[in-house]
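Engineer:
Residue numbers (the UniProt record's numbering): 1 to 366.
#1: Closest to residue 18 by CA distance: which of 86, 100 and 291 is it?
#2: May I ask you to list the residues that DSSP assigns as paired with residue 219?
#3: From residue 108 to residue 131, what does the alpha carbon distance come to, in whole angstroms?
#4: Work out the CA separation of residue 285 and residue 236 for me, nearest whole Å.
#5: Please classify residue 42: does DSSP put it in a helix, a strand, or coil?
#6: For residue 188, which beta-bridge partners are listed by DSSP?
#7: Taking the alpha-carbon positions, what's the residue 338 to residue 183 distance?
#8: Just how far apart, CA to CA, sit residue 229 and residue 259?
#9: If you measure between the beta carbons of residue 48 and residue 22, is that distance less than 8 Å?
#10: Return the residue from the list 353, 25, 364 and 292 that minimises the CA-CA distance to residue 304.
#11: Do you know offhand how far residue 363's Cα is from residue 33's?
#12: Since residue 332 and residue 315 should fall inside the 8 Å C-beta cutoff, what is the C-beta to C-beta distance between them, to a whole number of angstroms?
#13: Near residue 345, what residues of its chain come up, given a Cβ to Cβ distance below 6 Å and the 5 sequence neighbours on each side ignored?
#14: Identify whether residue 83 lies in helix, strand or coil by the three-state DSSP scheme.
#15: By a C-beta neighbour count over all protein chains shown, 10 Å radius and 16 as the cutoff for buried, is residue 174 buried or exposed?
#16: Which residue from 73, 93 and 83 puts its Cα closest to that of residue 38?
#17: Tell me, please, whether the CB atom of residue 334 is closer than 8 Å to any CB atom in chain D?
#18: I believe residue 156 touches residue 190 by the beta-carbon criterion, under 8 Å. Please report the beta-carbon distance rounded to the nearest angstrom.
#19: Counting only the same chain and skipping the five closest in sequence on each side, list residues whose C-beta sits under 7 Å from that of residue 267.
#20: With which residues is residue 92 paired in a DSSP beta bridge?
#21: So, under 8 Å CB-CB, residue 53 and residue 25 are touching, yes? Tell me the CB distance rounded to an integer number of Å.
#22: For the beta strand (DSSP E) that residue 280 lies in, which residues bound it at each end?
#23: Which residue wins for smallest C-alpha separation from residue 112, given the options 301, 36, 72 and 265?
#24: What residue does the beta strand (DSSP E) around residue 241 start on, and which one ends it?
#25: I think residue 255 touches residue 217, with their Cβ atoms under 8 Å apart; what is that distance to the nearest whole Å?
#26: Using the DSSP secondary-structure output, state which residues sit across from residue 108 in a beta bridge.
#27: DSSP state of residue 261, grouped into three classes?
#28: Which value, in whole angstroms, describes the spacing of the CA atoms of residue 277 and residue 301?
Now the structure itself:
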């Protein structure tokens, strides 16, 4: 067998068609055609001049670039990129064309990447199965966590009722002091349970692809006012002023991508975070502003600012600052995964006059 015949057989075995450019946009087949190519043309047609652009319309544009490449007698090759074709039997092929110059001949190579396509499909199936199994395992753990949290909440309710009954008794000052301590600890436990449920519920919604209905998009200003009204009494009792920034336009719509209850939960988490860091006789200010295609909500406090050692992990799960007994660091994490699910971003900065500003940005609903 001659060297030329060996090369022809090699190209055929590699599922590569070798065509030589003739005049008038026609080509002739060089060597042996792979089986897949015969299924498109037939044995008789392969003996004649070929017009590959007629069988494979994708080549029409590529051959323009290939002609310019051949005219310059450039080295190397240019590629068309992958495309798909279906033969008469319905079988799909992934093809890619290349233009090369060989001894002043204009050569067009068309390769079938069927095996590579099958490999990619197999890997995709394996990845899909792995993802499904991982998702099922996560869901099992989530159910277990929710059962544990539910049991904790039930026991806590019983303890609270006992404290309420005790408060009706004629207690001395020391006993009343201990009772108040117990009530405060119950409140802290309730907060922890709510944070756990909020964070894991948000994760499950993201895994399940919970979307947002534009027709029910929340008004960011209305959500801010709801939070201010709900938390103002607590702030007042602790001599902290909770207020809306004075230059906010209350006459316009502040529609954003999101869901009302989770948006209010996000704002509440940031405001409660500011409350915990605010000294008496200070203020927490909520601002809302329009920035191009986004709305930004910012919460400013006059506290001690952010501890440098936790600054880079503020929005991670279980991140918390110093001296935060009874907290597990899920509030800011919930805010981050919620805002990012809606296509927004979240962050913080140190105010020039002390304290911190926590902000998040959400797309507007036009």
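For glycine and all other residues, C-beta sits at the position ideal for the given N, C-alpha and C. Remember, it's a predicted structure, so these values are computed and weren't measured experimentally.
Structural biologist: Taking the geometry as given:
#1: By one-based count along the chain shown, residue 18 stands at place 18. Selected option, being the one with the closest Cα: 100.
#2: For the purposes of this step, residue 219 is identified with residue 219 of the chain shown, where counting begins at 1. In the DSSP output, where bridge partners are listed per residue, residue 219 has 255.
#3: For this step, residue 108 is matched to residue 108 along the chain shown. For this step, residue 131 is matched to residue 131 along the chain shown. So the two alpha carbons sit approximately 41 Å from each other.
#4: Numbered from 1 along the chain shown, position 236 holds the residue referred to as residue 236. Numbered from 1 along the chain shown, position 285 holds the residue referred to as residue 285. Computed Cα separation, rounded: 14 Å.
#5: Numbered from its first residue, the chain shown carries residue 42 at position 42. Three-state result, residue 42: coil.
#6: Here residue 188 refers to the residue found at position 188 of the chain shown. None; residue 188 has no bridge partner.
#7: Here residue 338 refers to the residue found at position 338 of the chain shown. Here residue 183 refers to the residue found at position 183 of the chain shown. Looking at the two C-alpha atoms, the distance is approximately 31 Å.
#8: Residue numbering aside, residue 229 sits at position 229 when the chain shown is read from its first letter. Residue numbering aside, residue 259 sits at position 259 when the chain shown is read from its first letter. Approximately 19 Å between the Cα atoms of the pair.
#9: Counting from 1 along the chain shown, the entry for residue 48 is found at position 48. Counting from 1 along the chain shown, the entry for residue 22 is found at position 22. Against a cut-off of 8 Å, the Cβ pair of residue 22 and residue 48 comes out as no contact.
#10: Here residue 304 is taken as the residue at index 304 of the chain shown, counted from 1. That would be 353, whose Cα lies nearest to the Cα of residue 304.
#11: Within the chain shown, numbered from 1, the residue matching residue 363 stands at position 363. Within the chain shown, numbered from 1, the residue matching residue 33 stands at position 33. Looking at the two C-alpha atoms, the distance is approximately 55 Å.
#12: Reading the chain shown from its first residue, position 332 is the one you call residue 332. Reading the chain shown from its first residue, position 315 is the one you call residue 315. Indeed they touch by this definition, with Cβ atoms about 5 Å apart.
#13: Looking up residue 345 in the chain shown gives position 345. Sequence-distant Cβ neighbours of residue 345 in its own chain, meaning closer than 6 Å and more than five residues away, are 361.
#14: Counting from 1 along the chain shown, the entry for residue 83 is found at position 83. Reduced to three states, the DSSP call for residue 83 is strand.
#15: To locate residue 174, count along the chain shown from 1; it is residue 174. Exposed, by the Cβ-count rule.
#16: As a working mapping, residue 38 is identified with position 38 in the chain shown. Minimum Cα distance to residue 38 is reached at 93.
#17: Annotation note: the requested chain D is absent from the structure, which comprises a single protein chain.
#18: Here the question's residue 156 lines up with position 156 in the chain shown. Here the question's residue 190 lines up with position 190 in the chain shown. Rounded, the Cβ-Cβ distance is 7 Å, consistent with contact.
#19: Counting from one through the chain shown, the residue named residue 267 turns up at place 267. The answer, listed in chain order, is 223, 224, 227 and 297.
#20: Walking along the chain shown from the start, residue 92 turns up at place 92. In DSSP, residue 92 forms a bridge with 86.
#21: Here residue 53 refers to the residue found at position 53 when the chain shown is read from its first residue. Here residue 25 refers to the residue found at position 25 when the chain shown is read from its first residue. The Cβ separation is near 7 Å, so the contact holds.
#22: Position 280 of the chain shown, counting from 1, holds the residue named residue 280. No beta strand (DSSP E) holds residue 280; DSSP gives it neither H nor E.
#23: Here residue 112 refers to the residue found at position 112 when the chain shown is read from its first residue. If we check each option's Cα against that of residue 112, 36 comes out closest.
#24: The count along the chain shown starts at 1 and reaches residue 241 at position 241. Taken as a continuous stretch (DSSP letters only), the beta strand (DSSP E) holding residue 241 covers 240 to 244.
#25: Here residue 255 corresponds to residue number 255 of the chain shown, with the count starting at 1. Here residue 217 corresponds to residue number 217 of the chain shown, with the count starting at 1. The pair is a contact, with the Cβ atoms about 5 Å apart (cut-off 8 Å).
#26: Reading the chain shown from its first residue, position 108 is the one you call residue 108. According to DSSP, residue 108 bridges with 19 and 99.
#27: Numbered from its first residue, the chain shown carries residue 261 at position 261. Three-state DSSP puts residue 261 in a helix.
#28: The residue you call residue 277 lines up with position 277 of the chain shown. The residue you call residue 301 lines up with position 301 of the chain shown. Distance between the alpha carbons of residue 277 and residue 301 is about 8 Å.
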